[in-house]
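Have a look at the structure below, then the notes.
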Amino acid sequence: MAHSPRTPGIVAGRLASDTLARNFADLHPPLDAHEARVAADRCYFCHDAPCMEACPTAIDIPLFIRQIATETPLAAAATILSQNILGGMCARVCPTETLCEEVCVRETAEGKPVEIGRLQRFATDTAMAQGPQPFSRAAPTGKSVAVVGAGPAGLACAHRLAMHGHDVVVFDAREKPGGLNEFGIAAYKSTGGFARAEIDWLVAIGGIELRHGQALGRDMSLDALHTQYNAVFLGMGLAGVNALGLPGSELAGVEDAVGFIGRLRQAEDLSSLAVGRNVVVIGGGMTAIDAAVQAKLLGAEHVTIAYRRGREAMKASRFEQDLAAEKGVTILTGVQPAGFFGDGAVAEVELAYTDGSGETLRLAADQVLMAIGQKLEGAPGALTIEGGKIIVTGAGRTSRAGVWAGGDCASGGDDLTVTAVAEGRDAAEDIHASLVG
Amino acid sequence: MTDLTTDFLGIKSPNPFWLASAPPTDKEYNVRRAFEAGWGGVVWKTLGEDGPPIVNVNGPRYGAVWGADRRLLALNNIELITDRPLETNLEEIARVKADYPDRAVIVSLMVPCTEEAWRAILPRVAETGADGIELNFGCPHGMSERGMGSAVGQVPEYIEMVTRWCKQNYDKPVIVKLTPNITDIRYPARAAHKGGADAVSLINTVSSITSVDLDSFSPEPSIDGKGSHGGMCGPAVKPIALNMVAEIARDPECKGLPISGIGGVTTWRDAAEFMALGAGNVQVCTAAMTYGFKVVQEMISGLGDWMGKKGYASTSEFVGQAVPNVTDWQFLNLNYVTKAKIDQDKCIKCGRCFAACEDTSHQAIWMKPGRVFEVNDSECVACNLCINVCPVEDCITMERMAAGSVDPRTGRTVTDDYANWTTHPNNPGSGCAAE
Chain A
0 MAHSPRTPGI
10 VAGRLASDTL
20 ARNFADLHPP
30 LDAHEARVAA
40 DRCYFCHDAP
50 CMEACPTAID
60 IPLFIRQIAT
70 ETPLAAAATI
80 LSQNILGGMC
90 ARVCPTETLC
100 EEVCVRETAE
110 GKPVEIGRLQ
120 RFATDTAMAQ
130 GPQPFSRAAP
140 TGKSVAVVGA
150 GPAGLACAHR
160 LAMHGHDVVV
170 FDAREKPGGL
180 NEFGIAAYKS
190 TGGFARAEID
200 WLVAIGGIEL
210 RHGQALGRDM
220 SLDALHTQYN
230 AVFLGMGLAG
240 VNALGLPGSE
250 LAGVEDAVGF
260 IGRLRQAEDL
270 SSLAVGRNVV
280 VIGGGMTAID
290 AAVQAKLLGA
300 EHVTIAYRRG
310 REAMKASRFE
320 QDLAAEKGVT
330 ILTGVQPAGF
340 FGDGAVAEVE
350 LAYTDGSGET
360 LRLAADQVLM
370 AIGQKLEGAP
380 GALTIEGGKI
390 IVTGAGRTSR
400 AGVWAGGDCA
410 SGGDDLTVTA
420 VAEGRDAAED
430 IHASLVG
Chain B
0 MTDLTTDFLG
10 IKSPNPFWLA
20 SAPPTDKEYN
30 VRRAFEAGWG
40 GVVWKTLGED
50 GPPIVNVNGP
60 RYGAVWGADR
70 RLLALNNIEL
80 ITDRPLETNL
90 EEIARVKADY
100 PDRAVIVSLM
110 VPCTEEAWRA
120 ILPRVAETGA
130 DGIELNFGCP
140 HGMSERGMGS
150 AVGQVPEYIE
160 MVTRWCKQNY
170 DKPVIVKLTP
180 NITDIRYPAR
190 AAHKGGADAV
200 SLINTVSSIT
210 SVDLDSFSPE
220 PSIDGKGSHG
230 GMCGPAVKPI
240 ALNMVAEIAR
250 DPECKGLPIS
260 GIGGVTTWRD
270 AAEFMALGAG
280 NVQVCTAAMT
290 YGFKVVQEMI
300 SGLGDWMGKK
310 GYASTSEFVG
320 QAVPNVTDWQ
330 FLNLNYVTKA
340 KIDQDKCIKC
350 GRCFAACEDT
360 SHQAIWMKPG
370 RVFEVNDSEC
380 VACNLCINVC
390 PVEDCITMER
400 MAAGSVDPRT
410 GRTVTDDYAN
420 WTTHPNNPGS
430 GCAAE
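In order, the protein sequences belong to chains A and B. Following numbering that gives the first Met the number 0, the numbering of the first sequence begins with 0 at its first residue and continues without gaps. Following numbering that gives the first Met the number 0, the numbering of the second sequence begins with 0 at its first residue and continues without gaps.
Quick look at the structure:
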């Protein structure tokens, strides 16, 4: 091993391959059949279940868990997938601790919820391992729909439209489909190329064409899509990143956390991935946590998250914060960056306390990852935009007739995979109603 | 520490926990382990007549019913009586009894329904020094097809006849083990009593098929694709057994007939319940087969703690205490009015009480905003289903309405007076009251 966590600068191979493999194994390992039976037995089959209410896609959780308990995981998967075609990914990445599992009555009773996320994964993994999806296409309607963005919103929309018999073309700016599922989620939450496998499984329904390297505003216009297709769904997410414009931002080693995570997800060999010895992550959301934890798991010696407000204000859930702390990440709150210093490459970050004291501190940093939020980029001017989002009403209707939007680029809802799936699905139903009406 | 010594038919044992006649008591090796673990007595697995030993199936003998987390709720077996030579068993019984004089050793017997057969085996059992015999008139599988076991237990005249033969040819206590596979348990109990039995023990196993394999369509346990009904035991049969014990305990014709309670005794509490309903002691099998002989230690400590708390110096002080409270439906107090009450602090808001009441009962639970569940006294008939389905102990309770208050469901004023069906105006049989 050429390098260690203490090697200065941004270098690859700080840890041995087997350590890296262990570090990036499944965060929540899959349940085997016995474990699933035991976990499923704990569900009380609540009336009008709180978990179901808390799920943005309104999966009938008590029913699917009962189907697992009675040894019919394929039926369980059908229950899940009929509401959420990306149920496999959501089982891995949903912050269940702030959704279904937070409101589980056994959380109330014993502080230990039914493991809904892992049970959902058991059902969907079993179904995907056994064969094709349980849905088929209706007779072709002759209508076609353009979907912009092959992330969770776009894929959910495309699948539901295809189910109804429409022809769907999905355009994505990147070279691969998946959006944040493929490029934006911590590697230990979606291992073994799951994101890609799920998409292959999803599009197998037929009637969905994926076109890569096609960005709205660069390679095609909304007007052209509007003319060429019977309806348009925009689900391109937030492709731009916020910048602070601080002194030293141009120094080598100061970069955007989204790019770092994307690189990591696409890396064939984790030991070839460079990471700093002293890493500072600026931000307090899931992206900050994902970047910080993974930097640590890659072998950085010191990783610090710097967030301008208190821990309770962090968008990352308590579970995620604890995960970071457990992996050895230091979380500093009440500080914001004042500047980056170094000779060509960053060597120090200056942080200022946000309590008005004027006090500052400096941290050694050979890598700074900015996770201060993404922003809408390349949205067509014809649409009403407010607060950096495409304004939608009802099931994703934009200000322009015939154009729908959902997921992170659209107003309303949390910026979560599961919310994007719900919005894409609901927009598809609305589009379908308008096309066949 | 509370003294659990029990005297049953003059047979003393250090505690009331005996192992029932079953696989755990088939051999000296097992019985010695049981006594070392602390069991008060054993009923040795049923011996048959001398001759070629019994043959068992060579495939699975047990089926099972599981609850959540694979907790064993019931076992079902198609094993026959002992398949070891009579002489071997008799030698072992004598050795064990000699080594454990303070423990009860009872020998279970099942031979053909002829006096000669019984006269042949009884003296040989007597020679072992065992404390008594138990007549197996209960096994519902296999042996019953040969006119033994429950085939005898289902005909009161045979019970009386065989019991009498045994009393005439054996001078120690004779216990008659009854089958539950019958309409009214009092008839066989009365027959045993008439025949001179010193006690009855019950219940033997309940005829059952535990499950069906949906690929082979064979009942379980499956022997080469076929299954035969077995005898079910374990926690699931306890309610059946408690009722049958109580029916005999309160039957005037069986007055004074001692009972050994059997059927799903799994904890000290189960044992105390059987004994409160009139059993002088209990016999256990499934709990031992599930957890091993060590479970008796919990039974001993638990029963002792409870007796200590209650101030009972001996088991005889609480045996039968519940019997006077077992009555016929017609004598239940119709002026006893209760309403369910939900403790909002304990409620975890699962809504099972609501689903049960709304879908299957009396629409007496409101679901209010914020998942607040409350009982509507105007509709609540106090059926108890909400309590039964609630996953939290003591979250829902039945509260008696005070005398003088008005039941909002019926509009009637609640009274302390006792009144039952026999005098109710709606009862066509209560003539004078209706006039």
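In this text, a Cβ means the ideal position worked out from N, Cα and C, and glycines have one as well.
Stretch-stretch touch, CB-based, cutoff 8 angstroms, three pairs: the stretch 2-10 of chain A with the stretch 265-282 of chain A: Judged by pairs of C-beta atoms under 8 angstroms, the stretch 2-10 of chain A touches the stretch 265-282 of chain A, as three or more such pairs exist.
Unbroken alpha helix (DSSP H) run spanning Tyr186 (chain B), endpoints: 185-194
Q: Compare the beta carbon distance of Ala152 (chain A) and Ala394 (chain A) with 7 angstroms and say whether it is the shorter of the two.
A: No, the Cβ-Cβ distance between Ala152 (chain A) and Ala394 (chain A) is not below 7 angstroms.
Among A:Ala68, A:Pro28, A:Glu34, which has the Cα closest to the Cα of Cys42 (chain A)?
For the residues A:Ala68, A:Pro28, A:Glu34, the minimum Cα distance to Cys42 (chain A) belongs to A:Ala68.
_My output table needs one value for Ser107 (chain B): the three-state DSSP class, helix, strand or coil._
DSSP, reduced to helix, strand and coil, places Ser107 (chain B) within a strand of the structure shown.
* Rounded C-alpha distance that separates Phe134 (chain A) from Arg396 (chain A) -> 26 angstroms
| request: Assign Asp289 (chain A) to buried or exposed, taking buried as 16 or more other Cβ atoms, counted over all protein chains shown, within 10 Å of its Cβ. | output: buried
Which listed residue (A:Ser143, A:Cys156, A:Pro246, A:Glu254) has its alpha carbon closest to that of Gly234 (chain A)
A:Cys156
Alpha-carbon spacing of Ala248 (chain B) relative to Lys171 (chain B), whole angstroms | The alpha-carbon of Ala248 (chain B) is positioned some 23 angstroms away from that of Lys171 (chain B).
For this session: Return the first residue and the last residue of the alpha helix (DSSP H) that Val175 (chain B) is part of.
Result: Val175 (chain B) -> not in any alpha helix (DSSP H); beta strand (DSSP E) instead, spanning 173-176.
Check: Is His301 (chain A) close to chain C, meaning its C-beta is less than 7 angstroms from at least one C-beta of that chain?
Finding: Of the chains in the structure shown, none is chain C; the protein chains are A and B.
Gly284 (chain A) vs Ala238 (chain A) beta-carbon contact at 7 angstroms = The beta carbons of Gly284 (chain A) and Ala238 (chain A) sit no closer together than 7 angstroms.
Requested in this report: Please check the pair Gly47 (chain B) and Thr81 (chain B), which I expect to be a contact at CB under 8 angstroms, by giving their CB distance rounded to whole angstroms.
Outcome: 7 angstroms
Review point. Just the Cα atoms here: how many angstroms apart are Glu422 (chain A) and Asn83 (chain A)?
Key: 11 angstroms
* To do: With 7 angstroms as the limit, tell me which residues of the stretch 10-39 of chain A have their beta carbon closer than that to any beta carbon of chain B; keep them in chain order.
  => Val37
field: Test item: CB-CB of Phe318 (chain A) and Ala186 (chain A) under 7 angstroms
entry: no
- Three-way DSSP call (helix, strand, coil) for Ala432 (chain B) in this model: In this predicted model, Ala432 (chain B) has a pLDDT of only 46, less than 50, meaning its place in the structure is not dependable enough to derive any value.
Practice prompt. Give the interface partners of Asp68 (chain B) over in chain A, defined as CB-CB distance under 7 angstroms, in chain order.
Written response: Val37, Asp40
**Report entry** Against chain A: residues of the stretch 81-93 of chain B by CB proximity under 7 angstroms
**Finding:** Cβ contacts with chain A come from no residue of the stretch 81-93 of chain B.
- Presumed contact (8 angstroms Cβ cut-off) between Phe339 (chain A) and Gly258 (chain A), rounded CB distance: Not quite, the Cβ-Cβ distance comes to about 17 angstroms (not below 8 angstroms), so this is no contact.
### Asp197 (chain B), buried or exposed, once every other Cβ within 10 Å from all chains shown has been counted against 16
buried
Checklist entry - Does the beta carbon of His46 (chain A) come closer than 7 angstroms to any beta carbon on chain B? => result Cβ-Cβ to chain B under 7 angstroms: yes for His46 (chain A).
- prompt: Which of helix, strand or coil does DSSP assign to Lys175 (chain A)?
  reply: coil
For chain A, check one thing: does any of its Cβ atoms lie closer than 7 angstroms to the Cβ of Gly9 (chain B)? no
- Task: Tell me, to the nearest whole angstrom, how far the beta carbon of Ser433 (chain A) is from that of Ala128 (chain A); I am working on the premise that it is less than 8 angstroms.
- Result: In fact, because the Cβ distance is near 37 angstroms, the residues do not count as touching under 8 angstroms.
* If you measure from the beta carbon of Thr107 (chain A) to each beta carbon in chain B, is any gap under 7 angstroms? -> yes
_So, at 8 angstroms on beta carbons, what are the nonlocal neighbours of Ser227 (chain B) in its own chain, with the 5 sequence-adjacent residues on each side left out?_
Ile77, His140, Gly141, Pro218
inquiry  = Rounded to whole angstroms, what is the Cα-Cα separation between His423 (chain B) and Arg411 (chain B)?
reply    = 15 angstroms
Q) Using a C-beta to C-beta distance shorter than 9 angstroms, which residues of chain B count as neighbours of Pro49 (chain A)? A) Simply Lys348, Cys349, Gly350, Arg370.
* **Spatial distance of Cys284 (chain B) from Asp25 (chain B) (CA atoms)** => 12 angstroms
Residues that Ser143 (chain A) bridges to, as DSSP identifies them: A:Asp166
| Beta-carbon separation of Pro174 (chain B) and Glu133 (chain B) under 7 angstroms? | Position check: residue 174 (chain B) holds Ile in this sequence, whereas Pro was assumed. Cβ atoms of Ile174 (chain B) and Glu133 (chain B): closer than 7 angstroms.
Review point. Going along chain B in order, which residues have a C-beta closer than 7 angstroms to the C-beta of Val104 (chain A)?
Key: Ile347, Lys348, Cys349
#### Entry: Tyr43 (chain A) at chain B interface by Cβ criterion, 7 angstroms
yes
Per DSSP, Gln373 (chain A) is paired with what?
A:Val240
Is the beta carbon of Thr396 (chain B) closer than 7 angstroms to that of Lys340 (chain B)?
Cβ atoms of Lys340 (chain B) and Thr396 (chain B): closer than 7 angstroms.
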